[in-house]
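*Asks:* Take this structure, written in structure tokens, and hold onto it; I'll ask about it next.
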Amino acid sequence: MALIYVVEDDENIREIEIFALKNAGYEVQGFDCASAFYVRLKERMPSLVLLDIMLPDEGGLEIVKKLRYSAQTRKLPIILVTAKTSEIDKVKGLDVGADDYITKPFGVMELISRVKALLRRTRDLEEERLIRLDSIFMDDEKRSVYVDDSPVELTFKEYELLKLLLLNAGIVVSREMILDRVWGTDFEGESRTLDMHIKTLRQKLGPAGAMIRTVRNVGYILNSDNG
43 MALIYVVEDD
53 ENIREIEIFA
63 LKNAGYEVQG
73 FDCASAFYVR
83 LKERMPSLVL
93 LDIMLPDEGG
103 LEIVKKLRYS
113 AQTRKLPIIL
123 VTAKTSEIDK
133 VKGLDVGADD
143 YITKPFGVME
153 LISRVKALLR
163 RTRDLEEERL
173 IRLDSIFMDD
183 EKRSVYVDDS
193 PVELTFKEYE
203 LLKLLLLNAG
213 IVVSREMILD
223 RVWGTDFEGE
233 SRTLDMHIKT
243 LRQKLGPAGA
253 MIRTVRNVGY
263 ILNSDNG
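Residue numbers for the sequence shown, in my numbering: 43 to 269.
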């Protein structure tokens, strides 16, 4: 269940937001000022923050800047809630790092729709960043690869080759496509280089390297052990 923090100093609005989000199946905690929000943030990281732009102790824009500056909260999804309707205020919010905004007064259905959409986008990005096939795990943001939780050191080309095969798992990837995507060329003279990289990649992956199979005269396929 996604945890949402609502930072809103207007008690009536905060209660409406909390009630609506809970009814939509989310876990919700509310805060009436930035200081209380910061204290809780250190204890538990939420899935999303619904942040009022006008708070008694610190403005929403400044809060967003701080959150984006910190490595721990840099990618925390944020929706700004504002009573301001001018285009410049919305632009400022997005420029400092907010993911979306909603303008008061707003409908409950609109609020839930925006929250669901942002959480879905965040989840999709997370899934693209983390790639797993059986014992092979790749964190593309950190450019790290693990087999059975043990790190595997790969060269730049080996990494890009494995990534291409992982993203096309279960599909035969032609030699031409690999040469184009990884080496930036369709020159057949690079075929020997490709074969050598496949060989070293298999070796470095250990037993999991057997999942990379040669399709004669076509290319390579990365198949699940179960497939």
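Glycine is no exception: its CB is placed at the ideal position from the N, C-alpha and C atoms.
Rounded to the nearest angstrom, what separates D99 and V49 at their Cα positions?
*Replies:* Each residue's Cα considered, the two are about 12 Å apart.
*Asks:* Check P98 in the structure and name its three-state DSSP category.
*Replies:* Of the three classes helix, strand and coil, the one that applies to P98 here is coil, per DSSP.
*Asks:* Among the candidates M151, K205, T256, whose CA atom is the shortest distance from the CA of R217?
*Replies:* Here the closest residue by C-alpha is T256.
*Asks:* Helix, strand or coil for M180, going by three-state DSSP, please let me know.
*Replies:* Correct three-state label for M180: strand.
*Asks:* If contact is defined by three or more beta carbon pairs under 8 Å, each pair taking one atom from either stretch, is the segment 243-254 in contact with the segment 191-210?
*Replies:* Touching, per the Cβ criterion.
*Asks:* Give the straight-line distance between the Cα atoms of L264 and R162, rounded to the nearest whole angstrom.
*Replies:* Whole-angstrom Cα-Cα distance: 28 Å.
*Asks:* Which residues in the same chain as K107 place their Cβ atom closer than 6 Å to its Cβ, once the five residues preceding and following it in sequence are excluded?
*Replies:* Excluding residues within five positions, the ones whose Cβ falls inside 6 Å are V138.
*Asks:* Once DSSP output is grouped into helix, strand and coil, what is the label at D141?
*Replies:* It is coil, neither helix nor strand.
*Asks:* Mind checking who R174 pairs with in its DSSP beta bridge?
*Replies:* F179.
*Asks:* Identify the continuous beta strand (DSSP E) that holds I46 and give its terminal residues.
*Replies:* Taken as a continuous stretch (DSSP letters only), the beta strand (DSSP E) holding I46 covers 45-49.
*Asks:* What residues in its chain sit with their C-beta under 6 Å from that of Y47, if we drop five residues either side in the sequence?
*Replies:* Answer for Y47: Q71, P88, V91, listed in chain order.
*Asks:* When burial is assigned at 16 or more other CB atoms within 10 Å of the CB, is Y262 buried or exposed?
*Replies:* Buried is the call here.
*Asks:* With H, G and I counted as helix, E and B as strand and the rest as coil, what does DSSP make of R162?
*Replies:* Note: R162 maps to helix in three-state DSSP.
*Asks:* Would you kindly check if the distance between the Cβ of I120 and the Cβ of A140 is under 9 Å?
*Replies:* Yes.
*Asks:* What does DSSP give as the partner residues of F73 in its beta bridges?
*Replies:* Paired residue(s): V49.
*Asks:* Just tell me which of C75, E69, I95 has its CA closest to the CA of R86.
*Replies:* Nearest of C75, E69, I95 to R86, Cα basis: E69.
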